[in-house]
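*Asks:* These protein sequence lines are chains D and A, in that order. With the working numbering, the residue at position 110 of the first sequence is 110, and numbering never jumps. Count along the second sequence starting at 1, add 1000, and that's the number in the working numbering. Don't be surprised by glycine CBs; every beta carbon is placed ideally from N, CA and C. All of these numbers come straight from a predicted model, not from anything done at the bench.
2 protein chains.
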Amino acid sequence: MKIEQDLLAKNDAYAADNRLTFNMAGVLALNLVSSPGSGKTTLLVETIKRLQSDLPVAVIEGDQQTSMDAERIRATGAPALQINTGKGCHLDAHMTGHAFEQLRPAFGSVLFIENVGNLVCPAMFDLGEEHRTVLISVTEGEDKPLKYPDMIRSSHLLLITKIDLLPHLDFDVEALATNARKINSGIKILKVSAKTGEGMNAWLGFIRAARSLALTGLESRVTV
Amino acid sequence: MKIEQDLLAKNDAYAADNRLTFNMAGVLALNLVSSPGSGKTTLLVETIKRLQSDLPVAVIEGDQQTSMDAERIRATGAPALQINTGKGCHLDAHMTGHAFEQLRPAFGSVLFIENVGNLVCPAMFDLGEEHRTVLISVTEGEDKPLKYPDMIRSSHLLLITKIDLLPHLDFDVEALATNARKINSGIKILKVSAKTGEGMNAWLGFIRAARSLALTGLESRVTV
């Protein structure tokens, strides 16, 4: 217990450093969390394709093993760096900070951090991101928010993914949304399909507005 | 101590309700906090003048006594409701919720909540706002963030006000910013003068970007 507290305190200190660094670099960092198989990488690939013509994008990929996800991202042309966490079931702020140093995203970039597929461990570890984004696909259960309240509570946005499959499923989107709001009244909820493109404009709108907000103040930097 | 905890827990529950209500109403709520005399009302008047041609705006005014601030706001044409807290040194979420019900701002409004002038009490009371905005004027001290860490820690934006007075003062803006970032690494910092208009565009840019972000998801509401 004591060790866990020390670990989290240390992580929080690194996360605060990252936040300051991201802030100063005009970088909007989004931490994407979900169960394995919710479609994070596919969504990222489709998102990057639509953003990169007018916005610089960079990606940090977290996986326990393999660098397949980073390769999928790099195929879009966006810089991506893979972190293998080995036995670790989540990214932490320290490794994220080092990855950022190596990536050195351009000023004004959107930095996607794809966390290890896991709805428990990543909840405790602030990476210094501006917005934590949790994905739940319509092939999962409507009760997920109640089962993983820490993840929902710590997230700003819930993306309900794979909505193209809804006609073939007995899934109640409204029940999922209600459960999510029971845990986190302020959470924003968007429905997307990376396959058909439905809902992508709202998700891109979120990213663009969040980036504008992240850049606020940098044009009129306090430092001269 | 027990009583205080109960009070805060109750407030947090009301704040969660407010947040959900604001969210559903497409309302961006900003909670403005500061010492007395930092220029909150003057800034609000100048802000509303510049916003209200294309954005609906509403204001909740908190003061221990008098309704002079609400009258100054109403002179701009924006709807304003005054809450007198009597002996209370801060607004709470319950009174804010009732004020919101009475005001009923239009969909997509920016709701400014001008808190009671006090850098201590309002820090503990979440009103359900999206962004807490703390004002420190250049006629105050650079060490304010270190003296009032709770307020800085809980704020998203620091507005350094009355910068038109800088040439006449021995005030180190950079030292203030550094102190604020020591407490809250992610805090955004803007410098403004409501008098000359300097920095107003960046502040308006923050509000517009934050409102766009608040509206995200509402166009593609989960409910059909």
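Determine the direct distance from the alpha carbon of A/E1004 to that of D/L135, and round the result to whole angstroms.
*Replies:* Taking the straight line joining both Cα atoms gives about 37 Å.
*Asks:* Please tell me whether A/R1072 and A/T1047 are closer than 7 Å, where the distance is taken between their beta carbons.
*Replies:* Against a cut-off of 7 Å, the Cβ pair of A/T1047 and A/R1072 comes out as no contact.
*Asks:* What is the rounded straight-line gap between the Cα of D/T66 and the Cα of D/R181?
*Replies:* The straight-line gap from Cα to Cα measures roughly 35 Å.
*Asks:* Using a Cβ-Cβ cut-off of 7 Å, state whether A/T1196 counts as contacting chain D.
*Replies:* It does not: the Cβ of A/T1196 has no partner Cβ on chain D nearer than 7 Å.
*Asks:* Who are the Cβ neighbours of A/D1164 in its own chain at under 6 Å, not counting the five residues just before and after it?
*Replies:* Excluding residues within five positions, the ones whose Cβ falls inside 6 Å are S1193, K1195 and T1196.
*Asks:* Which residues of chain D have a Cβ atom closer than 8 Å to the Cβ of A/N1023, listed in chain order?
*Replies:* In chain order: S185, G186 and K188.
*Asks:* Go ahead and pull the three-state DSSP assignment for A/V1311.
*Replies:* An answer regarding residue 1311 of chain A cannot be provided, because it is not within the stretch 1001 to 1224 covered by chain A.
*Asks:* Is there a Cβ from chain A that is less than 7 Å from the Cβ of D/V222?
*Replies:* Since pLDDT at D/V222 reaches only 49, below the 50 mark, its modelled position is unreliable, and the value read off the structure follows with that caveat. True, the Cβ-Cβ gap to chain A drops below 7 Å.
*Asks:* State the Cα-Cα distance for the pair D/L81 and D/S185, rounded to the nearest angstrom.
*Replies:* One C-alpha to the other measures close to 34 Å.
*Asks:* Taking 7 Å as the CB-CB cut-off, is A/F1206 touching chain D?
*Replies:* So yes, A/F1206 belongs to the interface.
*Asks:* Could you check if D/A123 is buried or exposed, using at least 16 other CB atoms within 10 Å of its CB as the buried criterion?
*Replies:* D/A123 should be labelled buried.
*Asks:* Would you mind stating whether A/A1209 and D/T133 have Cβ atoms separated by less than 7 Å?
*Replies:* The answer is no: Cβ separation not under 7 Å.
*Asks:* Would you tell me roughly how many angstroms separate the C-alpha atoms of A/S1212 and D/K2, rounded to the nearest one?
*Replies:* Going by the C-alpha atoms only, they are around 42 Å apart.
*Asks:* List the DSSP bridge partners of A/P1005.
*Replies:* The displayed chain sequence assigns Gln, not Pro, to residue 1005 of chain A. According to DSSP, which records beta bridges pairwise, A/Q1005 is partnered with nothing at all.
*Asks:* Compare the C-alpha of D/I183 against each of D/D6, D/M151 and D/L7 and name the closest.
*Replies:* Residue D/M151 is the option with its Cα nearest to D/I183.
*Asks:* Check each candidate in A/D1063, A/K1162, A/F1206 and A/P1056 and name the one with the smallest Cα separation from A/G1039.
*Replies:* Closest by alpha carbon: A/K1162.
*Asks:* DSSP state of A/V1045, grouped into three classes?
*Replies:* In the structure shown, A/V1045 sits in a helix (DSSP, three-state: H, G or I).
*Asks:* So D/A16 contacts chain A; which residues on that side make the cut at Cβ distance below 9 Å?
*Replies:* Those within 9 Å of D/A16 in chain A are N1184, S1185 and G1186.
*Asks:* How many Å lie between D/V222 and A/V1033 at the Cα?
*Replies:* Unreliable positioning characterises D/V222 in this predicted model, as indicated by a pLDDT of 49, which lies under 50. The coordinate reading is nonetheless provided below. When rounded, the distance between both Cα atoms is 20 Å.
*Asks:* Considering Cα atoms alone, identify which of D/P56, D/D92 and D/A75 is closest to D/N11.
*Replies:* Minimum Cα distance to D/N11 is reached at D/D92.
*Asks:* In three-state terms, what does DSSP make of D/R132?
*Replies:* Strand, per DSSP.
*Asks:* Would you say A/H1090 and A/F1125 are within 7 Å of each other, going by their C-beta atoms?
*Replies:* Contact flag set, yes.
*Asks:* Against chain A, with Cβ distances strictly below 7 Å, would D/A9 count as a contact?
*Replies:* Not an interface residue.
*Asks:* For D/L111, report the span of its beta strand (DSSP E) as first-last.
*Replies:* That run of the beta strand (DSSP E) goes V110 to E114.
*Asks:* To which residues does DSSP link D/A80 through a beta bridge?
*Replies:* D/A80 pairs with D/V59.
*Asks:* Determine the closest residue to A/G1037 out of A/V1138, A/I1083 and A/E1101, with distance taken between C-alpha atoms.
*Replies:* Selected option, being the one with the closest Cα: A/V1138.
*Asks:* Just the Cα atoms here: how many angstroms apart are D/V224 and A/A1177?
*Replies:* Caution is warranted here: a pLDDT of 33 is assigned to D/V224, below 50, making its placement in the model unreliable, and no coordinate value can be reported.
*Asks:* Using three-state DSSP, classify A/N1118 as helix, strand or coil.
*Replies:* Reduced to three states, the DSSP call for A/N1118 is coil.
*Asks:* Which residues bound the beta strand (DSSP E) around A/L1158?
*Replies:* Its beta strand (DSSP E) spans residues L1157 to T1161.
*Asks:* Taking DSSP as the reference, what is the three-state secondary structure of D/K191?
*Replies:* Strand.
*Asks:* DSSP beta-bridge partners for D/S34?
*Replies:* The partner list for D/S34 (beta bridge, DSSP) reads D/L135.
*Asks:* For the alpha helix (DSSP H) holding D/L103, just list the boundary residues, first then last.
*Replies:* Residues A93 to L103.
*Asks:* Which residue from D/E129, D/D17, D/D6 and D/M24 puts its Cα closest to that of D/V59?
*Replies:* If we check each option's Cα against that of D/V59, D/E129 comes out closest.
*Asks:* Run through DSSP, which three-state label would D/L215 get?
*Replies:* Reduced to three states, the DSSP call for D/L215 is helix.
*Asks:* D/R305 touches chain A at which residues, Cβ-Cβ below 9 Å?
*Replies:* It is not possible to answer for residue 305 of chain D, since the shown part of chain D is limited to 1 through 224.
*Asks:* Under 7 Å, do A/G1026 and A/F1100 count as touching if we go by C-beta distance?
*Replies:* It is not a contact, given that the beta carbons lie outside the stated cut-off.
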